[in-house]
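Read in order, the letters of the sequence shown are residues 9 to 161 in the numbering used here.
Below: the structure, in C-alpha cells.
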Amino acid sequence: MTLSKFIDKSLIEVNLASSSKEEAISKLVDRIDRRTKIVDKKKVLDELLEREKGMSTGIGEGVALPHVRTSNVSKISIALGISKEGIEFNSFDGKPAHLIFLLLGPNSDNENYLTMMAQITKLVCTERKREKLLQARDPKEVIQFIIEMEAMR
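Next comes the structure, spelled out in C-alpha cells:
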C-alpha cells in the first residue's frame, strides 16, 4: 500500500491560501468531496475540527496532519495543501504549518489508515524532503516526488 495510490493531482493544492486551520481543513475536505463523494461533508468537517479542539494535529517542523476515521467515507482519501505563508496549527514547536496533509479513512480500515499516517510521516521526516514539497510548482511535481521517495524504500 503506497501513498501515491491514494493521492492524485486533483487532491493537491500547491498554493493553499487560508487564514486559519479551520479554513484550510475545510478547503481540503472540499477537494476530497469533489474527487470521491463524502456521504456527509459537514459531519466530516465537524469530526476533524472536534479532533483539533482536543489535540492539535500540527506535528511540528511546518507539517500538520489533520485526520479522522469516519463512517462518511468508503475508502482512504488524502489531500495535500501547501501554504507558502504558513497557517497557525498550534503545533507543539510553535511553527506555522506549510504542508497540510488531510487524511480520511473509513472506520472499517484501520490498517491502511495507520499505514498512510506512517507513510506521510516518513515523507516529511527530513528538512530536505519538506523543502522539496514546498518548492513544488504544481501537483504533478508533488506526485513525481512522492513516487521517487516510494521507489527508494
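Glycine residues also receive a C-beta, built at the ideal position from the N, C-alpha and C atoms.
Please read all numbers here as calculations on a predicted model, not as lab measurements.
Can you give me the Cβ contacts of residue i inside the same chain, cut-off strictly under 6 Å, excluding the 5 residues immediately before and after it?
i, result
"ARG56", "Before going further, note that residue 56 is Leu rather than Arg in the sequence given. Result list for LEU56: ILE33, PRO74 and VAL76, in chain order."
"ILE108", "ALA32, ALA72 and GLY89"
How would you label residue i, buried or exposed, when you count the other beta carbons within 10 angstroms and need 16 or more for buried?
i, result
"ASN80", "buried"
"GLU60", "buried"
"SER99", "buried"
"VAL150", "buried"
Locate the beta strand (DSSP E) running through residue i, then write down its first and last residues.
i, result
"GLY89", "85-95"
"LEU111", "105-114"
"VAL22", "Counting along the chain, VAL22 falls outside any beta strand (DSSP E), and DSSP gives it neither H nor E."
Along the alpha helix (DSSP H) that carries residue i, what are the first and last residues, could you check?
i, result
"VAL150", "147-159"
"THR129", "118-131"
"GLY62", "49-62"
Am I right that residue i and residue j are in contact with their C-beta atoms under 8 Å? What's the rounded C-beta distance?
i, j, result
"LEU24", "ILE90", "6 Å"
"ARG158", "SER18", "The question names Arg, yet the displayed sequence has Glu at residue 158. Contact flag wrong, Cβ pair sits at about 19 Å."
"SER82", "PRO114", "6 Å"
Please confirm whether residue i and residue j have their CB atoms less than 8 Å apart.
i, j, result
"SER21", "ARG39", "The question names Ser, but residue 21 in the sequence shown is Glu. Yes; because the gap between Cβ atoms is below 8 Å, this pair is in contact."
"PHE153", "SER85", "no"
"GLY102", "GLY70", "no"
"LEU36", "THR78", "no"
"LEU110", "ALA87", "yes"
Which same chain residues, not among the five before or five after residue i, have their C-beta less than 8 Å away from its C-beta?
i, result
"GLU135", "GLU69"
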